[in-house]
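Numbering (this note's numbering), first residue to last: 5 to 313.
Scroll down for the structure; my scribbles are underneath it.
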């Protein structure tokens, strides 16, 4: 495949995600019974899979992994998802892992991230000749803040078309500040907004150079910053929430898919498609809702989102 055919290149996390969900209410400082599960995830990987299910073609993943069994599982998962794999393997390193601890309602209590390889590996990956050419030729690029600040700056220099970014966590989101002006749309939550700006006003993002942003706040309304204007998007009620861990990634993936496939779509308009994806994902078991490929179900979810505005 020629690199200029890649519609969306995602650069960032692709690792093992482990989830422990409380069976009984959480008691701090004590042993708590849980149901434990694991799957291959990562911010950029999950967003890319969601975008692909919403009609982004020739999607490609660029990550870094170790030469261990987890790394081989990540490689297989990328292949199974039908994505092109431009990742690098560091045979003497361990593949990153992420562990989420959820309460009985599926809400996040805390998360544990072992991401040492990302801190150095991405710097090398985006400087390699192949990495540089892949980035420069992609029709759109998504980065997450698992990349170091140095790797993010290099990626932004190479990117010739829309650049989308995910905050990942309050601890990492400030890595995106140096490339704020190049980012077409930033996807963050309220905690990451506070880490970036010191407050809860999305308008402060414009002072940092960001032109567009989607800000989530759990089950609360979604805020969209576009061209200096903040719009509130109402989240329709759903009957039950099964798992919240993939909702933010689904929102980002659905929004980016709309921007990639609908040339006239504004960020505000695209966000409604993303919210529909998030609504469906909240009602799915696990971080990925494979029902997003079902046009009838998606149309119903999208109609509910439109009706709530």
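In this text, a Cβ means the ideal position worked out from N, Cα and C, and glycines have one as well.
Taking residue i as the reference, give the member of the options with the closest Cα.
{"i": "residue 97", "options": "78, 79, 120", "result": "120"}
{"i": "residue 30", "options": "192, 213, 210, 109", "result": "109"}
{"i": "residue 329", "options": "73, 87, 259, 113", "result": "Outside the shown range of the chain (5 to 313) lies residue 329, about which nothing can therefore be said."}
{"i": "residue 214", "options": "241, 170, 238", "result": "170"}
{"i": "residue 284", "options": "199, 246, 179, 46", "result": "246"}
{"i": "residue 204", "options": "221, 145, 188", "result": "221"}
{"i": "residue 82", "options": "238, 45, 57", "result": "45"}
{"i": "residue 147", "options": "25, 133, 188, 107", "result": "188"}
{"i": "residue 88", "options": "56, 208, 107", "result": "56"}
{"i": "residue 308", "options": "50, 242, 261", "result": "242"}
{"i": "residue 25", "options": "258, 34, 192, 39", "result": "39"}
From the DSSP output, which residues share a beta bridge with residue i?
{"i": "residue 14", "result": "65, 146"}
{"i": "residue 294", "result": "Per DSSP, none; premise fails for residue 294."}
{"i": "residue 43", "result": "21"}
{"i": "residue 30", "result": "DSSP, once it has assigned bridges, lists no residue as partnering residue 30."}
{"i": "residue 235", "result": "228"}
{"i": "residue 38", "result": "26"}
Short of 7 Å in beta carbon distance, which residues of its chain neighbour residue i, apart from the five on each side in sequence? Order them along the chain.
{"i": "residue 206", "result": "197, 217, 219, 227, 229, 234"}
{"i": "residue 131", "result": "158"}
{"i": "residue 251", "result": "282, 285, 286"}
{"i": "residue 313", "result": "237, 238"}
{"i": "residue 129", "result": "66, 68, 92, 135"}
Are the C-beta of residue i and some C-beta of chain B separated by less than 8 Å?
{"i": "residue 108", "result": "Protein chains in the displayed structure number just one, and chain B is not present."}
Grab me the residues of residue i's own chain with a C-beta within less than 6 Å of its C-beta, minus the 5 sequence neighbours each way, in chain order.
{"i": "residue 265", "result": "59"}
{"i": "residue 67", "result": "18, 91"}
{"i": "residue 22", "result": "42, 103"}
{"i": "residue 85", "result": "53"}
{"i": "residue 154", "result": "127"}
{"i": "residue 10", "result": "62, 64, 142"}
{"i": "residue 115", "result": "104"}
{"i": "residue 190", "result": "169, 214, 217"}
{"i": "residue 200", "result": "177"}
Taking the C-alpha atoms as reference points, what is the distance between residue i and residue j?
{"i": "residue 151", "j": "residue 36", "result": "33 Å"}
{"i": "residue 244", "j": "residue 287", "result": "7 Å"}
{"i": "residue 304", "j": "residue 48", "result": "27 Å"}
{"i": "residue 254", "j": "residue 54", "result": "6 Å"}
{"i": "residue 113", "j": "residue 298", "result": "32 Å"}
{"i": "residue 194", "j": "residue 111", "result": "15 Å"}
{"i": "residue 3", "j": "residue 143", "result": "There is simply no residue 3 to check, as the chain begins at 5 and stops at 313 in what is shown."}
{"i": "residue 75", "j": "residue 140", "result": "26 Å"}
{"i": "residue 27", "j": "residue 77", "result": "28 Å"}
{"i": "residue 95", "j": "residue 270", "result": "43 Å"}
{"i": "residue 16", "j": "residue 71", "result": "17 Å"}
{"i": "residue 174", "j": "residue 202", "result": "11 Å"}
{"i": "residue 69", "j": "residue 185", "result": "30 Å"}
{"i": "residue 118", "j": "residue 181", "result": "23 Å"}
{"i": "residue 224", "j": "residue 236", "result": "10 Å"}
{"i": "residue 232", "j": "residue 272", "result": "12 Å"}
{"i": "residue 296", "j": "residue 124", "result": "35 Å"}
{"i": "residue 138", "j": "residue 13", "result": "8 Å"}
{"i": "residue 145", "j": "residue 293", "result": "23 Å"}
{"i": "residue 179", "j": "residue 212", "result": "12 Å"}
{"i": "residue 256", "j": "residue 248", "result": "14 Å"}
{"i": "residue 263", "j": "residue 274", "result": "6 Å"}
{"i": "residue 106", "j": "residue 177", "result": "22 Å"}
{"i": "residue 8", "j": "residue 80", "result": "Note that residue 8 scores 48 on pLDDT, short of 50, meaning its location in the model is unreliable and no value can be drawn from it."}
Identify, in the order they occur along the chain, each residue of the same chain with its Cβ nearer than 8 Å to the Cβ of residue i, setting aside the five sequence neighbours on each side.
{"i": "residue 306", "result": "276, 277, 280"}
{"i": "residue 310", "result": "276"}
{"i": "residue 301", "result": "284, 295"}
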